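Participant: Here our numbering is used: the first residue of the sequence shown is 202, the next is one more, and so on.
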Amino acid sequence: MISSSTLIVYAAIGIITGAVVNWAIYRLAWNKREIGPWSPVPESVNQRPALARIPILGWLLLRSESSVHGSGFWIRPVLIECCMGLFFAFFANWKADQLAEITIDGTISHSILVWQTIAHLTLVTLLVAATFVDFDEQTIPDEITVAGVIAGLAFAVAGPGVELWTPQFGEASGTATRLGFIDEADWPESFGSLRGMLIAMAIIGCWGLASMPKLCTLKYGFRRGVQYLIASVIRPRRKSLPKGMPRRRKPFPISTA
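(1) Taking DSSP as the reference, what is the three-state secondary structure of R254?
(2) Output yes or no for whether 8 Å exceeds the beta carbon distance between L322 and A352.
(3) My understanding is that L261 touches V246, with C-beta atoms under 8 Å, so please give their C-beta distance in whole angstroms.
(4) Do the CB positions of A297 and I214 come within less than 8 Å of each other?
(5) Could you check which residue in P243, M413, I236, F423 has the C-alpha nearest to that of S433?
(6) Work out the CA separation of Y227 and I435 for me, nearest whole Å.
(7) How about K415 and L399: are their beta carbons less than 8 Å apart?
(8) A212 and G286 look like a contact to me (Cβ under 8 Å); what is the Cβ gap, rounded to whole Å?
(9) Using the beta-carbon count (16 or more within 10 Å), is L252 buried or exposed?
(10) If you measure between the beta carbons of T318 and W231, is that distance less than 8 Å?
(11) May I have the straight-line CA-CA distance separating Y421 from P389, to the nearest angstrom?
(12) What three-state label does DSSP hand V334 in the structure shown?
(13) Would you grab the beta carbon distance between W208 and A290 for me? Rounded to a whole angstrom, and I think it's under 8 Å.
(14) Roughly how many whole angstroms lie between the Cα atoms of S391 and G219?
(15) Starting from R425, follow the alpha helix (DSSP H) in both directions and report where the run begins and ends.
(16) Whose C-beta lies closer than 7 Å to the C-beta of I217 among residues of the same chain, with five residues either side of it excluded?
(17) In its own chain, which residues sit with a C-beta less than 6 Å from the C-beta of E338, not counting the 5 before and 5 after it?
(18) Can you list, in chain order, the residues of its chain whose CB lies under 7 Å from that of E344, leaving out five sequence neighbours each side?
(19) Measure the beta-carbon distance from G360 to A320 and round it to whole angstroms, keeping in mind my assumption that it falls under 8 Å.
(20) Compute the Euclidean distance between the alpha carbons of R396 and M402, then round it to the nearest angstrom.
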């Protein structure tokens, strides 16, 4: 069981992380929106309160901007920050109880507890941001997916007590194993064949495609979504833009037929 003071610290970290999630929802989306206490003050608003940048409280103070951003625009961000604070405290306490149950003497390795908590909460934070961007636009930013993959692999390789789950058949339903180089004695013979090489090339190709900047959306149907996906990958860079001007990120379909 974690002390009350520690739970308060986790809750505060969760609330601050929720503020970062709200920023990501509006600023990492395809159609970026200037909504939130970090955005410029709208022309129709004279000034913002000095406390507007404080999580939760700031959104309550921004209710006066409903005429600009829409009625009740502040409700979801407030709920996200409150729920993130509660979840961080709950998860830290649950993780401590879970690890205490599986240890022999009930003691918990502090490093394992911290690393497992950080790893899970980091991925949950990215998942929450991706979920609400997906709700708004039916797209997930590459900044979130690529960062999540890299963070997950980094935790699995370096984090103490953070392993990838490997399914097993038979007596054991699953085991947690650390990600690393496979032992030569455990290398399947089929991996050294032509079939194994083709499978490896396909995996690397899919990984490369997943890591490339692209547009993925089914908002306009599956066929048009595939057209947008291919066009966003192979489209040439415009040469008519003045030097130093950023390229407009506007996709186009391969055909209109």
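All C-beta atoms, glycine included, are put in the ideal place defined by N, C-alpha and C.
In this text the structure is predicted, and so the values were computed from the model without any measurement.
Facilitator: So, from the data block:
(1) The residue you call residue 254 lines up with position 53 of the sequence shown. Of the three classes helix, strand and coil, the one that applies to R254 here is coil, per DSSP.
(2) The residue labelled residue 322 in the question sits at position 121 within the sequence shown. The residue labelled residue 352 in the question sits at position 151 within the sequence shown. Not a contact, by the Cβ cut-off of 8 Å.
(3) By 1-based counting over the sequence shown, the position of residue 261 is 60. By 1-based counting over the sequence shown, the position of residue 246 is 45. The pair is not a contact, with the Cβ atoms about 15 Å apart (cut-off 8 Å).
(4) For the purposes of this step, residue 297 is taken as the residue at position 96 of the sequence shown. For the purposes of this step, residue 214 is taken as the residue at position 13 of the sequence shown. Cβ distance not < 8 Å, so A297 and I214 don't count as in contact.
(5) Position 232 of the sequence shown, counted from the first residue, corresponds to residue 433. Of P243, M413, I236, F423, the residue nearest in Cα terms is M413.
(6) Here the question's residue 435 lines up with position 234 in the sequence shown. Here the question's residue 227 lines up with position 26 in the sequence shown. C-alpha separation (whole angstroms): 27 Å.
(7) Residue mapping note: residue 415 aligns to position 214 of the sequence shown, counting from 1. Residue mapping note: residue 399 aligns to position 198 of the sequence shown, counting from 1. Going by C-beta atoms, K415 is not nearer than 8 Å to L399.
(8) If you number the sequence shown from 1, residue 212 lands on position 11. If you number the sequence shown from 1, residue 286 lands on position 85. About 4 Å; that satisfies the 8 Å criterion.
(9) Indexing the sequence shown from 1 puts residue 252 at position 51. Looking at its Cβ environment, which holds fewer than 16 other Cβ atoms inside 10 Å, L252 is exposed.
(10) Here residue 318 corresponds to residue number 117 of the sequence shown, with the count starting at 1. Here residue 231 corresponds to residue number 30 of the sequence shown, with the count starting at 1. The answer is no: Cβ separation not under 8 Å.
(11) To locate residue 421, count along the sequence shown from 1; it is residue 220. To locate residue 389, count along the sequence shown from 1; it is residue 188. Between Y421 and P389, the C-alpha separation is close to 44 Å.
(12) Taking the first residue of the sequence shown as 1, we reach residue 334 at position 133. Helix at V334.
(13) Stepping through the sequence shown from its first residue, residue 208 is reached at position 7. Stepping through the sequence shown from its first residue, residue 290 is reached at position 89. The amino acid occupying residue 208 in the given sequence is Leu; Trp does not appear at that position. Confirmed, about 5 Å.
(14) By 1-based counting over the sequence shown, the position of residue 391 is 190. By 1-based counting over the sequence shown, the position of residue 219 is 18. So the two alpha carbons sit approximately 47 Å from each other.
(15) The residue labelled residue 425 in the question sits at position 224 within the sequence shown. Taken as a continuous stretch (DSSP letters only), the alpha helix (DSSP H) holding R425 covers 423–435.
(16) Residue mapping note: residue 217 aligns to position 16 of the sequence shown, counting from 1. Answer for I217: P256, listed in chain order.
(17) For the purposes of this step, residue 338 is identified with residue 137 of the sequence shown, where counting begins at 1. Around E338: A230, W231.
(18) As a working note, residue 344 is residue 143 in the sequence shown. Hits under 7 Å: L229.
(19) Sequence index remark: in the sequence shown, residue 360 carries index 159 (1-based). Sequence index remark: in the sequence shown, residue 320 carries index 119 (1-based). Indeed they touch by this definition, with Cβ atoms about 6 Å apart.
(20) Position 195 of the sequence shown holds residue 396. Position 201 of the sequence shown holds residue 402. Approximately 10 Å, taken between the alpha carbons.
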